[in-house]
Amino acid sequence: MHRAFVLGLAATVFLSPALSAQTRSPVGPETHWILSAVGDVIMNRRLEQFDHPGDPAFHEMANIIRGTDAAFMNLEQSVFRLAEFDGWPAAENGGNYEVGSPETLKDLVGMGFDLFNRANNHTTDYGVEGMQLTNRLLDEWGLVHSGSGNNLGWASRPGYLETPKGRVALIGMASTHTQMSRAGAVGPTIQGRPGLNALRLSTRNEGSPATMNALRTVARAQGLNVSDDPGAPVRIFGTTVSPGDQDRSVVSLNDVDRERVLHEVRNATDQADYVVVNSHSHEPGNGSVLPPDWMVEFSHQIIDAGANTMVIHGPHQLRGIEIYDGRPIFYSLGNFIFQNETIDPMPADQRTRYGLPLDNLASEIYDRRFRVDETGNPTTGFPTGSEWYESVVAVAEFEGDEVIEIRLYPIELGWKAPRSQRGTPRIAPEELARKIIEHLAELSAPFGTRIDYEGGIGVWRR
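Printed below as a string of structure tokens:
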């Protein structure tokens, strides 16, 4: 199957007047369709130079994506020319100021991507202005995106992709985000606030009787006013801890945000043939291979509301896959493109963050953030382990509303490559491919999902 579309480009981009990508032809009724999905994309270097038969590991991977009816990714960056940007970097960022030129977007479209999430912790690295400029470019190119907008209503609504197989809805959101990036609703007299479709979380900390006694002792030593009531909470060091049977933190999703998303899912189910929902969620942390309980519950509710697929991204490494009521939940697809060390130039804030003078080179920032051993492998800083550079391209085949097969193509992003090349995806060689799929199978087993290694890829069948 192939896809056909021509995208007009803005004159200010200085690219060719149109993008000719792949063609996708129908195979019959709307009951059979194929979705490809990947995780996080941080891209500031061109990739089209690899997309040819002479680089089969890249070219074949791109052909896999191009051969599906719709292709999803998390665009974790702004897209514009820094030299022409009239805005400024935000005081808060998602850890780095992620941005790529319009040519990088051209390469992504050339690989077959047509569904873009725009809600993540890097949405407003360059402020609302950078977010709006990126969204405007996507709109001018006719690319479907969701998750951010000029107010909460626009940020929450689905984007729609028209395909020969039917209409695909995309809904994007983020539980991991900077506070300033949260979109606001339109009020009776004041306009709404531009930003992203945010999921707010609250945490209740509980302590065992022994822990509560210890906290009271420390609090009194600090001169704090502490109740003698054993059932009263203790507030210390900016944190409130309530009495409980054990030491734990319970994270809950805001009910208003939950209902807003489910409302949009139900609306999209009535308006489209297929509904793809996604969330940018690092929780409980990038080092965890397990999704938080609240996300598992919320993903089930999203499927119950009518979504065909739920994709979670953000942790930058793989998490398990669940088939819930005949529909896939990808708890993390890891990284797809991770060019996190070649952004140049960088704002002054990123230099002062690492105690560097304002006239230092961008490469010195990365030298401070990352340390490498004698073989060039990162040893300190985020990210350092090979797990950040090993992932999959997921291809889910549907018959009607339910998935009948998932093919998982293992990829490697060049963990041992030099900085100038690290972060570029390619089909993994056989030994590494088996390792990646066996790891993903292990992560998926607790959800009752069996993944077999067949012919260099992972396969789940109904």
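Here the sequence shown is numbered in this note's numbering, starting from 146 and rising by one per residue.
Using N, Cα and C, we set each Cβ at its ideal position, and we do this for glycine too.
1. Determine whether the beta carbon atoms of A264 and N189 lie at a separation below 9 Å.
2. Would the beta-carbon of D259 fall within 9 Å of that of A215?
3. Can you check DSSP and say which residues form a bridge with L558?
4. Note down, one range per segment and in chain order, each alpha helix (DSSP H) of at least 4 residues found wholly within the stretch 189 to 247.
5. Quick one: measure Cβ to Cβ for H458 and L435, integer angstroms, because I've assumed they're closer than 8 Å.
6. Considering only residues of the same chain and omitting the five flanking positions on each side of Y511, which have a CB-CB separation below 6 Å?
7. Given this structure, state the Cα-to-Cα distance separating M206 from P429, to the nearest angstrom.
8. Excluding the 5 residues preceding and the 5 following D611 in the sequence, name in chain order all residues of the same chain whose CB lies nearer than 7 Å to its CB.
9. Taking the alpha-carbon of S387 as reference, which of A366, R403, T356 and Q367 has the nearest alpha-carbon?
10. How long is the line joining the alpha carbons of E542 and E550, rounded to whole angstroms?
11. D374: which of G383, T385, D270 and R361 sits nearest, CA to CA?
12. On the three-pair Cβ rule with 8 Å, is the stretch 233 to 251 touching the stretch 559 to 572?
13. For the candidate residues R496, G465 and S565, whose alpha-carbon lies nearest to that of A590?
14. For my contact list, N219 and D185 are in at a C-beta cut-off of 8 Å; report their separation, rounded to the angstrom.
15. Using the three-state DSSP reduction, which class does Y476 fall into: helix, strand or coil?
16. Alpha carbon to alpha carbon, what distance is there between R327 and R338?
17. Quick one: Cα of I468 to Cα of E404, how far?
18. So, at 6 Å on beta carbons, what are the nonlocal neighbours of T321 in its own chain, with the 5 sequence-adjacent residues on each side left out?
19. Any heavy atom of the ligand SAM closer than 8 Å to the beta-carbon of H267?
20. On the CB-based measure, 16 or more other CB atoms within 10 Å of its CB, does W233 come out buried or exposed?
21. D449 and D470: beta carbons closer than 9 Å?
Looking at the coordinates:
1. As a working note, residue 264 is residue 119 in the sequence shown. As a working note, residue 189 is residue 44 in the sequence shown. Contact: no.
2. Numbered from 1 along the sequence shown, position 114 holds the residue referred to as residue 259. Numbered from 1 along the sequence shown, position 70 holds the residue referred to as residue 215. Taking 9 Å as the Cβ cut-off, D259 and A215 qualify as a contacting pair.
3. For the purposes of this step, residue 558 is identified with residue 413 of the sequence shown, where counting begins at 1. Beta-bridge pairing links L558 to no other residue.
4. 201 to 211
5. Reading the sequence shown from its first residue, position 313 is the one you call residue 458. Reading the sequence shown from its first residue, position 290 is the one you call residue 435. In fact, because the Cβ distance is near 15 Å, the residues do not count as touching under 8 Å.
6. Here residue 511 corresponds to residue number 366 of the sequence shown, with the count starting at 1. These residues qualify, in order along the chain: E486.
7. Taking the first residue of the sequence shown as 1, we reach residue 206 at position 61. Taking the first residue of the sequence shown as 1, we reach residue 429 at position 284. Looking at the two C-alpha atoms, the distance is approximately 31 Å.
8. With the chain covering 146 to 607 only, the question about residue 611 has no answer from this structure.
9. Residue 387 sits at position 242 when you count from the first residue of the sequence shown. Nearest option by C-alpha distance: T356.
10. The residue given as residue 542 occupies position 397 in the sequence shown. The residue given as residue 550 occupies position 405 in the sequence shown. Cα to Cα, the separation comes out at about 5 Å.
11. In the sequence shown, the residue the question calls residue 374 occupies position 229. Ranking the options by Cα distance to D374, first place goes to R361.
12. no
13. Taking the first residue of the sequence shown as 1, we reach residue 590 at position 445. With distances taken between Cα atoms, A590 lies closest to G465.
14. In the sequence shown, residue 219 corresponds to position 74, counting from 1. In the sequence shown, residue 185 corresponds to position 40, counting from 1. Correct: roughly 5 Å between the Cβ atoms.
15. Counted from its first residue, the sequence shown places residue 476 at position 331. Residue state, collapsed to three classes: coil.
16. The residue labelled residue 338 in the question sits at position 193 within the sequence shown. The residue labelled residue 327 in the question sits at position 182 within the sequence shown. For R338 and R327, the distance between alpha carbons rounds to 8 Å.
17. For the purposes of this step, residue 468 is taken as residue 323 along the sequence shown, with counting starting at 1. For the purposes of this step, residue 404 is taken as residue 259 along the sequence shown, with counting starting at 1. Cα-Cα distance, rounded: 23 Å.
18. Taking the sequence shown and counting its residues from 1, the one referred to as residue 321 is at position 176. Once the five neighbours on either side are set aside, the close Cβ partners of T321 are N266, H425, S426, H427 and G459.
19. Although the ligand SAM was asked about, the structure shown includes no ligands whatsoever.
20. On the sequence shown, position 88 is the one that residue 233 refers to. When all chains shown are included, W233 counts as exposed.
21. Taking the sequence shown and counting its residues from 1, the one referred to as residue 449 is at position 304. Taking the sequence shown and counting its residues from 1, the one referred to as residue 470 is at position 325. It is a contact, given that the beta carbons lie within the stated cut-off.
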